[in-house]
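Visitor:
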Amino acid sequence: AEVNPGFADPVEVFSTFWFAGAARIVSRMNKQQRQLLDPGFLEGAERGLKITLTEFQEAEAMRFELSALMAKFHENYDLLVTPTMPIAPFPVGRNVPDDSYKGWVDWTPFTYPFNLTQQPAASIPSGLDDQGLPVGLQLVGARYSDTSVLAAAYTIESRLGLPSFARSRFHAATP
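Sequence positions in the sequence shown follow the numbering used here and run 3 to 177.
1) Check each candidate in Gly143, Leu164, Arg161 and name the one with the smallest Cα separation from Asp80.
2) Return helix, strand or coil for Leu51, following the three-state DSSP convention.
3) Is the beta carbon of Leu68 sitting closer than 8 Å to the one on Thr110?
4) Taking the continuous alpha helix (DSSP H) assigned at Ala22, which residues delimit it?
5) According to DSSP, what are the bridge partners of Pro136?
6) Do you know whose CA, among Ala3, Pro85, Gly8, lies nearest Val137's CA?
7) Contact defined as beta carbons within less than 8 Å: I believe Leu152 pairs with Ala124. What is the distance between those atoms, to the nearest angstrom?
8) Would you identify the three-state DSSP class for Thr149, choosing helix, strand or coil?
9) Do you know how far the Cα of Asn78 is from the Cα of Ala3?
10) Would you tell me roughly how many angstroms separate the C-alpha atoms of Glu159 and Gln140, rounded to the nearest one?
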């Protein structure tokens with residue numbers, strides 16, 4: 003059955019935690035270490051330095067509300083199943099697939115909300131697109147239901163019977 007957990011895009015809440023966390027990590031590094039970081043990560047850390055305590059506490063409250071909403075959802079549903087990504091893979095070295103996307107959260111709408119709510123999730127291969135690139139299926143469980151998510155992922159992946167082309171490519175490329 004198609005269901006909707008009923009929450010709006012939590013990108014602002016997630017960004018508050020992401021940028022504040024980046025700022026904390028970068029603040030503990032020396033100049034030489036910072037020079038090794040991705041420019042996008044450094045930009046996020048700079049944004050994190052500007053987050054006020056009130057903004058952070060508001061994000062905490064909103065995270066709690068979203069987590070409670072998802073807990074209620076999981077009273078009726080063991081798993082939420084989504085695509086892992088809404089787009090096909092794009093070239094390595096790019097933060098976004100093209101200029102129509104502002105940042106990475108624009109092309110990851112099905113994953114970061116569940117990092118925010120601290121729910122276990124697994125992505126399993128579910129086939130290939132018309133370009134021969136992998137497509138994933140994401141399973142999301144209630145908090146602390148890691149074992150159930152992993153068991154469901156194993157069962158679905160086993161029954162799909164897809165070839166493990168990624169594994170064979172990786173093993174062929176390693177000595």
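Think of the CB as a built atom: it goes at the ideal place given N, C-alpha and C, for glycine as much as any other residue.
Guide: Judging by the given coordinates:
1) Taking the sequence shown and counting its residues from 1, the one referred to as residue 80 is at position 78. When each option's Cα is compared against that of Asp80, the closest is Gly143.
2) Start at 1 with the first residue of the sequence shown, and residue 51 comes out as number 49. Residue state, collapsed to three classes: helix.
3) For the purposes of this step, residue 68 is identified with residue 66 of the sequence shown, where counting begins at 1. For the purposes of this step, residue 110 is identified with residue 108 of the sequence shown, where counting begins at 1. The answer is no: Cβ separation not under 8 Å.
4) The sequence position of residue 22 within the sequence shown is 20, counting from 1. Run containing Ala22: 13-29, per the alpha helix (DSSP H) assignment.
5) Position 134 of the sequence shown holds residue 136. In the DSSP output, where bridge partners are listed per residue, Pro136 has Leu130.
6) As a position in the sequence shown, residue 137 is number 135, starting the count at 1. Comparing Cα positions, the closest option is Pro85.
7) For the purposes of this step, residue 152 is identified with residue 150 of the sequence shown, where counting begins at 1. For the purposes of this step, residue 124 is identified with residue 122 of the sequence shown, where counting begins at 1. Indeed, because the Cβ distance is near 6 Å, the residues count as touching under 8 Å.
8) Residue numbering aside, residue 149 sits at position 147 when the sequence shown is read from its first letter. Thr149: helix per DSSP, three-state reduction.
9) As a first step, residue 3 is located in the sequence shown; it is residue number 1 there, counting from the start. As a first step, residue 78 is located in the sequence shown; it is residue number 76 there, counting from the start. Each residue's Cα considered, the two are about 12 Å apart.
10) Taking the first residue of the sequence shown as 1, we reach residue 159 at position 157. Taking the first residue of the sequence shown as 1, we reach residue 140 at position 138. Answer to the nearest angstrom: the Cα atoms are 11 Å apart.
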